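Heads up: the structure comes next, in structure tokens.
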Amino acid sequence: MSDVALKQAADQTTPSVINLKKVLGPAHVWALGVGIVLVGEFMGWNFSVGKGGAYGSLIACWVVGLLYTCVAMIDSEITSTVAAAGGQYAQAKHTTGPLMAFNVGLYLVMAYTMLEAADVLVIGDLVTMGAEELGRPGVDPHPFVFFMVAALAFLNYRGVFMALSVNFLITAVAFVSIIILWVGVHPFSPGEITQHAEMLAIQPLPELSNVPGLPYGWMGVLASFQFGIWYYLGIEGTCQAAEEVRSAGRSLPLGTMTGMITLLIAAALTWWICAGMLPWDYLGQALAPLYDASKMSGSTFLHVLLWVATVFSATASANGCINDASRAWFSMGRDRYLPQWFSAVHPKYRTPYRSILFLIPIAVAFGFTGLLAQTITFSILSGLLGYTFMPINVMKFRRKWPLGTIKRGYVHPGHPIPAIVLFILCVATLFAVFLGFGAQLLAMMMFYILASIWFVFHRYKYVRRGDQFTMAWPRPRGY
Amino acid sequence: MAKAKYQPPKQGVVGQIIDALLVLIAVFLALWVPLVFNLAGASTRTILPAGVTQETAADGTVTFTGATWENLGQNATMQKQWEALGYDVNSAAALITQWFDYSFNWSMLLLTAAVIIGYFLFLLVYSDKEYKEVIAEKFDR
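Protein chains in written order, with my numbering: chain V, 8 to 486; chain P, 10 to 150.
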């Protein structure tokens, strides 16, 4: 976002406008995307095994991988053109309108804050498990949950460069640990440590399924799409840093697409290791399946490495989530969609410090519930509503500003096929959530409906009209 | 003729605090309360194999009578892995006999679909109305 545009969007009574720092390169973008998501290989994805069996989870991994490839393609094009903090929120403001943008902003904040809550919940439980293994049973996880949120919020408060540099390092360690574990379970000697043939010989109950290997039949495969999302949820977070990257047109597509490739490799390795070592009924509800697999390997080195890597991955994810959620909240405050108080930038560290601090109680409260699958589901639902909007977003974007009318950093190929595929997969995944988590789906919808009513009848009167459109683009076609 | 630029009212500190609190309250009421009071959990059911019965003691401990690795559908390799994880047949049965309940009634599905479609339609139609105002003020002045 240009200085001029930022000044237009900011409160005119503000004596001087302080911009976010442009310090990030493609490696930081990769670290932000993968850092948030990689935790999905260490926990949460395995609930898809619980919903559809091990093969169901693998199919979900591939199908949802296709969903995210469409997300990454579409998002890279629009974000490399609308390079402003807030990512999809800023896009919606320019392509669709204020109410949609308000909702997209909320999707982002809720998806990342709930993901952060799930991360710290897992860290707390891992500390409890680690202490138990060291002969100190009964350690309360809650202080660790609170400490992690507070420590990471402080890191983000101090500055984006330091926060994301830390992310780059711990994400790399976590990713390498998956490869080390894969090598450590002797992938080229089947039957030695991993035993896929026997472990995948699932006997379905006749009343639930008549498909060998699929405990719930094809219905279960569809249902497992819900947690298949967890393999990749948050990769689109790369867009949140749009205002802080040095070259948005190059760094954002490069960081996002290499991030997707990294995640596809990590997801395949993770499934292979866990499905060959853990009974599916156990795997389907486990807290940290890669860590469990490392314990089963019989190697103390792998055991310790995977404990550290799981904590690292959850830390990196929570760190990235605080970064992304606070930027979306900050952007909404700057546009007056939320109280302007949130739009303050720290005079010394140049971070949206009030937004960072405000979201802490939500993350702590949900982290304290101890309900991992349900907290994850809130994150998944918010993300999914955002993905459902993306096909509409790109259609409007291409219609209002056809190719050649504005400068794009990247043009995704095959339009509108990725948009159509994405829309169909989003509808299928919403149905997957309905299967087994229908009440939670309705609770989430109720929250967004209430928030929308509040925005329409109360909040929007504080919003400047023309100033919301900050890009130096020609008038959209048809308006 | 171009319309005058819209001048929003100024919001005082108290109003900003109330708005921020309202958002927090909405998050806790709509999402946190249903979670904590178990109103929005997963739909599951217990399916016991033939010959297996389940008893729950006063302290919540669940005991399965008649459960064997075989009637729980576990082969020798699976049994070995369960044991390596620290489970015996009784504690494993508590997990193995829990199943998701995917049965649903069509009226609930239609209601959910109507809520989601209605929500998106409202967002798109109302946003478009607001968007026209934004574009007019941005480009007509």
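Positions of the beta carbon are idealized from the N, C-alpha and C atoms, including for glycine.
For clarity, every value in this text was computed on a predicted model and none was experimentally measured.
_Counted within 10 angstroms of its Cβ, other Cβ atoms place V/S23 as buried (16 or more) or exposed_ = Caution applies to V/S23, whose pLDDT of 45 falls short of 50 and renders its modelled position unreliable; the value that the coordinates give is listed next. Counting Cβ neighbours within 10 Å, V/S23 comes out exposed, since fewer than 16 surround it.
_Alpha-carbon spacing of V/R257 relative to V/M267, whole angstroms_ = 16 Å
*Determine, using beta carbons only, whether V/L115 and V/Q95 come nearer to each other than 8 Å.*
yes
_Within-8 Å CB hit, P/F46 to chain V_ = no
*Name the chain P residues whose beta carbon is nearer than 9 Å to that of V/S497?*
The structure shown does not extend to residue 497 of chain V, since chain V is modelled only from 8 through 486, so no value can be given for it.
*Taking DSSP as the reference, what is the three-state secondary structure of P/R54?*
strand
_Relative to the C-alpha of V/G390, which candidate in V/P148, V/P420, V/T269 and V/T436 has its C-alpha closest?_
V/T436
*Could you give the DSSP three-state label for P/E64: helix, strand or coil?*
strand
*Using DSSP with H/G/I as helix, E/B as strand and the rest coil, what is V/L31?*
strand
*Limits of the unbroken beta strand (DSSP E) element including P/V71*: V71 to T74
*Under 8 Å between C-beta atoms of V/T277 and V/L297*: yes
_Residue interval of the beta strand (DSSP E) (run including P/Q107)_ = Q107 to F109
*Three-state secondary structure (DSSP) of V/V252*: strand
*In its own chain, which residues sit with a C-beta less than 8 Å from the C-beta of V/W348, not counting the 5 before and 5 after it?*
G340 and R361
*Proximal residues of chain V, C-beta to C-beta of P/W91 below 8 Å*: P286 and Y289
_Limits of the alpha helix (DSSP H) - the one that V/P105 falls within_ = P105 to E140
*asked:* Check for me: the alpha helix (DSSP H) holding V/A79 runs from which residue to which?
replied: F54 to T86
*Would DSSP call V/H419 helix, strand or coil?*
coil
*For V/P481, which residues of its own chain have a beta-carbon under 8 Å away from its beta-carbon, when the five flanking residues on both sides are left out?*
W408, T412 and I413
_Let's test the definition: count the other Cβ atoms within 10 Å of the Cβ of V/L159 and tell me whether it reaches 16, buried, or not, exposed._
buried
*What are the boundary residues of the alpha helix (DSSP H) that includes V/Q233?*
F232 to G235
*Between the C-alpha atoms of P/A103 and P/L81, what's the straight-line distance to the nearest angstrom?*
10 Å
*Can you give the Cα-Cα distance for V/F234 and V/Y75, rounded to whole angstroms?*
13 Å
*Determine the DSSP secondary structure at V/A487, reduced to helix, strand or coil.*
There is simply no residue 487 of chain V to check, as chain V begins at 8 and stops at 486 in what is shown.
_Quick check on V/P194 - is its C-beta less than 8 Å from some C-beta in chain P?_
no
*Tell me, please, whether the CB atom of P/D97 is closer than 8 Å to any CB atom in chain V?*
no
_Reference V/N326; option with closest CA among V/P222, V/V228, V/W69 and V/T120_ = V/T120
*Ordered along the chain, which non-local residues of its own chain (more than five positions away) have a Cβ less than 6 Å from that of V/T201?*
V192, G283 and M284
_Residue of V/S55, V/F49, V/G51 and V/P148 minimising C-alpha distance to V/F375_ = V/P148
*Going by the beta-carbon positions, is the gap between V/H310 and V/S324 smaller than 8 Å?*
no
*Beta carbon of V/V463, beta carbon of P/Y135: below 8 Å?*
yes
*Which of helix, strand or coil does DSSP assign to P/V134?*
helix
*Between V/V89 and V/V127, is the Cβ-Cβ spacing less than 8 Å?*
no
*Taking only the alpha-carbon atoms, compute the straight-line gap between V/F476 and V/A170 and give it to the nearest angstrom.*
30 Å
_Using a 10 Å radius around the Cβ and a threshold of 16 neighbouring Cβ atoms, would you call P/E167 buried or exposed?_
A query on residue 167 of chain P cannot be resolved here, the shown segment of chain P reaching from 10 to 150 and no further.
*Top-ranked residue by Cα proximity to V/G32, from V/M107, V/F175 and V/S338*: V/F175
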